[in-house]
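Trainee: In my numbering, the protein residues as written are 2 to 284.
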Ligand code: NAP
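1. Ignore the nearest five residues each way along the sequence and tell me which others in residue 47's own chain have a CB closer than 8 Å to its CB.
2. Suppose the cutoff is 7 Å on Cβ atoms and the five residues either side in sequence are ignored; what does the same chain contact list for residue 149 look like?
3. Are there any heavy atoms of ligand 1 lying less than 7 Å away from the beta-carbon of residue 256, as far as the coordinates show?
4. Starting from residue 227 and walking both ways along the beta strand (DSSP E), at which residues does that stretch end?
5. So the candidates are 178, 222, 161; which of them puts its Cα closest to the Cα of residue 198?
6. Quick one: does the C-beta of residue 141 sit closer than 7 Å to a heavy atom of ligand 1?
7. Can you tell me the Cα-Cα spacing of residue 143 and residue 279, whole angstroms?
8. Determine the closest residue to residue 32 out of 19, 83, 192, 229, with distance taken between C-alpha atoms.
9. How many Å lie between residue 249 and residue 268 at the Cα?
10. Can you give the Cα-Cα distance for residue 202 and residue 159, rounded to whole angstroms?
11. Would you give the residue range spanned by the alpha helix (DSSP H) that residue 68 belongs to?
12. In chain order, what residues of the same chain lie with their CB nearer than 6 Å to the CB of residue 165, ignoring the 5 residues before and after it?
13. With residue 217 and residue 247 assumed to form a contact (beta carbons below 8 Å), what rounded beta-carbon distance in angstroms separates them?
14. Pull up the distance between the alpha-carbon of residue 1 and that of residue 118, whole angstroms please.
15. Can you list, in chain order, the residues of its chain with a C-beta nearer than 8 Å to that of residue 131? Leave out the 5 residues immediately preceding and following it.
16. Grab the span of the alpha helix (DSSP H) containing residue 15 for me, first residue to last.
17. Note the first and the last residue of the continuous alpha helix (DSSP H) segment covering residue 207.
18. Does the distance from the CB of residue 30 to the CB of residue 277 come in under 8 Å?
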């Protein structure tokens with residue numbers, strides 16, 4: 002039976018490390034600060050934003066909250082971003098996605114100064130990630146790497162397979178694994194013989210968005226399996242992209258859903274806020 006990678010414990014560990022760094026900054030008279038912008042009343046987004054604010058409070062990071070109505074125009078949102086970009090006391094800007102349809106998400110994300118892009122979505126930061134030089138890394142992918150490393154699994158030289166090639170998860174996970182000296186293969190919906198490719202993996206990351214997509218016969222004995230998937234089943238329960246029942250007897254390490262990758266995203270966001278704040282203060 003696999004060792005369960007406890008994302009709750011590891012994310013708490015990271016938030017405690019962030020708290021120490023935030024205190025160090027405050028002792029120098031610098032207060033790290035994150036602006037969280039929510040447009041509209043999507044209930045899931047409201048929960049995410051609330052949890053981000055709670056994490057800021059826990060870590061000792063000041064949070065500025067902007068809750069805008071669903072009919073906010075693109076220009077109004079752009080001017081808020083300009084204002085936050087110019088505000089030296091604000092180190093990070095997070096615009097909760099998805100945005101209402103009349104607002105061009107790309108245009109908004111491009112407007113955030115790369116040094117304040119704590120989500121790590123700006124093409125400038127994505128470019129730095131691809132050359133192995135990013136300070137602000139996309140939070141969920143960076144969280145996957147922390148889970149692997151803090152479980153004592155060395156990525157160097159390992160055959161890594163990532164299922165999924167989205168810009169926010171699959172691709173950055175692949176680049177980060179490569180930066181850790183893994184030998185990386187990326188699979189997607191057009192990949193042939195996907196089960197065979199997955200069976201080669203010593204480290205398998207699933208970011209597909211299909212409940213229980215990774216079955217027992219797609220995983221080799223002793224693999225480390227990271228399940229990024231968050232799928233809501235008809236019965237209301239959450240379920241990952243990995244068939245936990247089938248895969249856990251074969252894997253050496255596996256993340257559960259919930260309680261695996263999920264809690265890591267906010268912890269890595271907090272870490273990015275401190276990184277951004279330190280850089281902006283030439284530390
Ligand atoms: P996405 O944008 O829908 O991308 C899914 C990827 O899976 C695509 O690259 C797609 O391939 C690939 N795919 C789809 N069907 C496939 C198949 N039959 N065989 C092989 N590959 C297939 O999803 P995402 O945003 O990356 O998210 C993936 C999962 O992670 C979702 O469950 C999401 O909820 C979860 N997630 C969790 C967190 C978190 O825990 N904090 C954060 C973000 C996302 P093509 O490119 O060929 O279409």
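From the three backbone atoms N, C-alpha and C, an ideal C-beta is built for every residue, glycine too. Remember, it's a predicted structure, so these values are computed and weren't measured experimentally.
Mentor: Put simply:
1. What you label residue 47 is simply residue 46 of the chain shown in a count that begins at 1. Taken in chain order, the residues that qualify are 39.
2. Sequence index remark: in the chain shown, residue 149 carries index 148 (1-based). Closer than 7 Å at Cβ, skipping near neighbours: 156, 204, 225, 227.
3. Translated into positions along the chain shown, residue 256 becomes position 255. Incorrect: residue 256 has no Cβ contact closer than 7 Å to ligand 1.
4. Counting from 1 along the chain shown, the entry for residue 227 is found at position 226. From DSSP, the beta strand (DSSP E) with residue 227 extends over 225-228.
5. Start at 1 with the first residue of the chain shown, and residue 198 comes out as number 197. That would be 161, whose Cα lies nearest to the Cα of residue 198.
6. Sequence index remark: in the chain shown, residue 141 carries index 140 (1-based). Under cutoff, so the answer is yes.
7. Against the chain shown, residue 143 aligns to sequence position 142. Against the chain shown, residue 279 aligns to sequence position 278. The straight-line gap from Cα to Cα measures roughly 19 Å.
8. What you label residue 32 is simply residue 31 of the chain shown in a count that begins at 1. Checking every option, the nearest Cα to that of residue 32 belongs to 19.
9. Start at 1 with the first residue of the chain shown, and residue 249 comes out as number 248. Start at 1 with the first residue of the chain shown, and residue 268 comes out as number 267. Residue 249 and residue 268: Cα-Cα distance of roughly 25 Å.
10. Here residue 202 corresponds to residue number 201 of the chain shown, with the count starting at 1. Here residue 159 corresponds to residue number 158 of the chain shown, with the count starting at 1. Near 8 Å, if we compare the C-alpha coordinates of residue 159 and residue 202.
11. Within the chain shown, the letter at position 67 stands for residue 68. Run containing residue 68: none in the alpha helix (DSSP H); it sits in the beta strand (DSSP E), 63-69.
12. Walking along the chain shown from the start, residue 165 turns up at place 164. Result list for residue 165: 171, 208, 209, in chain order.
13. By one-based count along the chain shown, residue 217 stands at place 216. By one-based count along the chain shown, residue 247 stands at place 246. Contact flag correct, Cβ pair sits at about 3 Å.
14. Outside the modelled stretch of the chain, which goes from 2 to 284, sits residue 1, for which no answer is possible.
15. Looking up residue 131 in the chain shown gives position 130. Same-chain partners within the cutoff: 176.
16. Locating residue 15 in the chain shown gives position 14, counting from the first residue. Counting along the chain, the alpha helix (DSSP H) containing residue 15 begins and ends at 8-28.
17. As a position in the chain shown, residue 207 is number 206, starting the count at 1. Premise fails: residue 207 lies in the beta strand (DSSP E), 204-207, not in any alpha helix (DSSP H).
18. For this step, residue 30 is matched to residue 29 along the chain shown. For this step, residue 277 is matched to residue 276 along the chain shown. No, these two residues do not count as a Cβ contact at 8 Å.
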